[in-house]
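A.B. asks: Numbering (the working numbering), first residue to last: 62 to 314.
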Ligand code: PGA
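#1: Evaluate residue 276 with the Cβ neighbour count: other Cβ atoms within 10 Å of its Cβ, from every protein chain shown; 16 or more gives buried, anything less gives exposed.
#2: Is it true that the CB of residue 194 sits closer than 8 Å to the CB of residue 164?
#3: Whose CA, out of 249, 208, 269, 204, lies closest to the CA of residue 221?
#4: Helix, strand or coil for residue 293? Go by DSSP, reduced to three states.
#5: Can you check which of these residues, 292, 301, 184, is closest to residue 254 by C-alpha distance?
#6: Which residues does DSSP list as the beta-bridge partners of residue 188?
#7: Per DSSP, what are the beta-bridge partners of residue 70 in this structure?
#8: State the DSSP-derived secondary structure class of residue 276, mapped to helix, strand or coil.
#9: Which runs of the beta strand (DSSP E) at least 3 residues long sit entirely within the region 208-265? Give them in chain order.
#10: Indicate whether residue 123 and residue 154 have their beta-carbon atoms separated by less than 8 Å.
#11: Going by the beta-carbon positions, is the gap between residue 172 and residue 156 smaller than 8 Å?
#12: On the DSSP letters alone, give me the boundaries of the alpha helix (DSSP H) that residue 91 sits inside.
#13: Given residue 117, which residues of its chain have a CB within under 6 Å of its CB, disregarding the five upstream and five downstream residues?
#14: Between which two residues does the alpha helix (DSSP H) carrying residue 179 extend?
#15: Are the beta-carbon atoms of residue 95 and residue 234 separated by less than 8 Å?
#16: Buried or exposed for residue 191, please, with buried defined as at least 16 other CB atoms from any protein chain shown within 10 angstroms of its CB.
#17: Please name the residue, chosen from 301, 267, 302, that lies closest to residue 62 on a Cα-to-Cα basis.
#18: Residues in the same chain with beta-carbon distance under 8 Å from residue 241, minus the five sequence neighbours each way, listed in chain order, please.
#19: Could you spell out where the alpha helix (DSSP H) holding residue 164 opens and where it closes?
#20: Would you kindly work out how many angstroms separate the C-alpha atoms of residue 67 and residue 183, rounded to a whole number?
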C-alpha cells in the first residue's frame, strides 16, 4: 500500500519571514488534518531550508531541497552537496524539475549524477519527468518520459531505486492553469509503473510512489489522486498559500 505524498515546491518565492510563516501554518494544519496518514514535504529555496526545517521540526512535514550538486566537496562555487542538505535537516531533494531541464539546461546525465549522489548521501530524491507541449503534439510523450526515467535511474540497483519518488509533470501543465485530465495523468502514471516493472520487477514498481504535478489546485487534487496510479501531487503555485496547500493535503487523506 503506497502512502499518499503531497509536496509543495516553492520555487524562487518567499522571503525569510514568509517562508517560516508558511511552513508553520502548513505544519500546524497538516498535523490536524492528516496526522501520519499522508507524507507531506515543502521545498523552500536553499537559503530558507534551515529556518523552515526548524519551523516544521515537531510536525509530520519534511523538508526537501529543490536541487543538489553531485560532487562531495571542493571547488564548485555556488553549489550545495548532499551532506550539507542532510546536515540542515533535509529529507528529500527534487532532481530534474522541468525548470532545471528547460530553463537552466540540465541534461539527463547530470540529473542522474545528482540523483545518485542524493541517494548515496542518504536523501530521498524526487525525480521529475514529463514532456513539452510540442512533444505531446508530436506523439512523443511516452518516448520522452521513458528517456527521463531510464536515464534518470541509470546505474542504480533496485534497492537504491526504492528510495526514489517519481513526479510526472507534463511541462505544458506547469504554471499554466492547464492540468492533464485525471485520465491523461493516470495513463502516464500507469505507463511509468509498467516501465519500472520492466526495468526492475513488478513488486518494486508497485512500491514506488508516482506523483502528478502541473497546476494542481484544491479543486482538482482529489479527482487526480482518486486514480489508482496517482499516489500524490507535487504542487507549485498553490503550495504558496497555506489554505490551498492544506486543502490539497486534505484531499489526499
Ligand atoms: P504548478 O507547478 O503547480 O505551479 O503548475 C508545479 C511544479 O512545477 O512542480
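We put the beta carbon where it would ideally sit given N, CA and C, even for glycine.
Owing to the predicted nature of the structure, the values given are computational and were not obtained by experimental measurement.
C.D. replies: This is what the structure holds:
#1: The Cβ neighbour count for residue 276, taken over all protein chains shown within 10 Å, is at least 16; the residue is labelled buried.
#2: In terms of Cβ geometry, residue 164 and residue 194 do not form a close pair [threshold 8 Å].
#3: Put simply, of 249, 208, 269, 204 the residue whose alpha carbon is nearest the alpha carbon of residue 221 is 269.
#4: In the structure shown, residue 293 sits in a strand (DSSP, three-state: E or B).
#5: That would be 292, whose Cα lies nearest to the Cα of residue 254.
#6: Residue 188 has 156, 227 as its beta-bridge partners, per DSSP.
#7: Partner(s): 104.
#8: Assigned with DSSP and collapsed to three states, residue 276 falls in coil, not helix or strand.
#9: If we require 3 residues or more, the beta strand (DSSP E) runs fully inside the region 208-265 come out as 226-229.
#10: No. Outside cutoff.
#11: Yes, they are a contact pair.
#12: Residue 91: member of the alpha helix (DSSP H) spanning 77-95, first to last residue.
#13: Answer for residue 117: 84, 88, listed in chain order.
#14: In the DSSP annotation of this structure, the continuous segment of the alpha helix (DSSP H) that includes residue 179 starts and ends at 169-181.
#15: Taking 8 Å as the Cβ cut-off, residue 95 and residue 234 do not qualify as a contacting pair.
#16: Under this definition residue 191 is a buried residue.
#17: When the alpha-carbon of residue 62 is set against those of 301, 267, 302, the nearest one is in 267.
#18: Closer than 8 Å at the Cβ level, and outside the excluded window around residue 241, lie 231, 234, 249, 273, 275.
#19: Neither: residue 164 is in no alpha helix (DSSP H) and is coded neither H nor E.
#20: Between residue 67 and residue 183, the C-alpha separation is close to 20 Å.
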